[in-house]
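In our numbering, the protein residues as written are 1 to 224.
All C-beta atoms, glycine included, are put in the ideal place defined by N, C-alpha and C.
These notes concern the structure reproduced below.
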């Protein structure tokens with residue numbers, strides 16, 4: 001039988017973050033075996049339990065991209081350490097992509113703490129921020145020409161009530177002078193994503209992107 005890592009790889013998932021409040025559900029032995037299985041399956045990971053293991057660098061189409069995983073729920077790494085790290089990564093790489101576990105469960109708006117952290121991350125060089133943990137979708141904000149997705153909501157999770165049954169994926173394409181974002185909203189049926197289509201998808205995108213200049217489910221940001 002296939003391992004979870006092998007199954008993830010077979011469906012196109014080649015990168016995950018370990019930075020969340022469940023990574024030690026099976027204690028240190030479970031955490032370490034997770035890393036072993038990911039490495040065996042050839043899946044990159046970010047968000048380790050030490051600052052030096054919280055990121056990895058990947059060369060994509062000739063560009064150096066730093067992927068950083070941050071946990072703001074149970075991790076002992078102070079957030080200020082990440083500001084310094086991201087400033088360094090920004091100076092050494094073309095792009096810095098942040099995944100962060102934060103916020104308050106089931107809240108549909110970002111907290112003032114989330115907003116403050118997000119702005120500090122971008123001030124120090126982050127190019128995009130993807131948030132998760134609240135189990136529901138929270139808004140997108142553009143700050144200094146960079147996108148902050150405060151919470152993508154659930155993806156595969158054992159909840160089936162209220163706003164927890166809607167989530168979204170985000171695709172981003174960086175070029176030298178602009179970044180193009182596309183959102184992929186889905187309903188969660190039997191704990192798995194079922195992508196919205198047609199009018200339902202259009203309605204979601206119109207609402208989610210209403211404060212931006214957008215085209216369908218996509219928007220562009222020009223970079224310096």
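| Asked | Found |
| --- | --- |
| Taking the alpha helix (DSSP H) that residue 13 falls in, what are its first and last residues? | Element bounds for residue 13: n/a, residue is neither H nor E. |
| Cα-Cα, which of 163, 44, 175, 31 is closest to residue 14? | 44 |
| For a test of the three-state rule: what should DSSP assign to residue 194, helix, strand or coil? | strand |
| Report the three-state DSSP secondary structure of residue 53 (helix, strand or coil). | helix |
| Does residue 221 come out as helix, strand or coil in the three-state DSSP assignment? | strand |
| Beta-carbon separation of residue 131 and residue 104 under 8 Å? | no |
| Could you round the C-beta distance between residue 135 and residue 106 to whole angstroms and report it? I think they count as a contact, below 8 Å. | 6 Å |
| Quick test of the definition: if touching needs 3 or more C-beta pairs under 8 Å, does the segment 143 to 157 touch the segment 32 to 43? | no |
| On the CB-based measure, 16 or more other CB atoms within 10 Å of its CB, does residue 5 come out buried or exposed? | buried |
| For my contact list, residue 129 and residue 172 are in at a C-beta cut-off of 8 Å; report their separation, rounded to the angstrom. | With 8 Å as the limit, residue 129 and residue 172 do not qualify as a contact, their Cβ atoms being about 11 Å apart. |
| Check whether the Cβ atoms of residue 154 and residue 74 sit closer than 8 Å, and answer yes or no. | no |
| Suppose contacts are defined by Cβ-Cβ distances below 8 Å. Is residue 223 in contact with residue 179 by that definition? | yes |
| Using DSSP's beta-bridge definition, name the partner residues of residue 182. | 171, 218 |
| Could you check the C-alpha separation between residue 118 and residue 156 for me, to the nearest Å? | 25 Å |
| With a 10 Å radius around its C-beta and 16 neighbouring C-beta atoms as the bar for buried, classify residue 54 as buried or exposed. | buried |
| Among 125, 78, 189, 115, which has the Cα closest to the Cα of residue 65? | 125 |
| Taking only three categories from DSSP, how would you classify residue 71? | strand |
| Please give the ranges of any beta strand (DSSP E) in the segment 78 to 105, keeping only runs that are unbroken, at least 3 residues long and fully inside the region. | 95 to 101 |
| Measuring only the C-alpha atoms, how far is residue 182 from residue 142? | 14 Å |
| Give me the Cβ distance between residue 193 and residue 216, rounded to the nearest whole Å; I'm assuming they're in contact under 8 Å. | Residue 193 to residue 216, Cβ: 19 Å. No contact. |
| Starting from residue 121, follow the beta strand (DSSP E) in both directions and report where the run begins and ends. | From DSSP, residue 121 is part of no beta strand (DSSP E) but of the alpha helix (DSSP H) over 112 to 123. |
| Classify residue 177 as buried or exposed, calling it buried when 16 or more other Cβ atoms lie within 10 Å of its own Cβ. | exposed |
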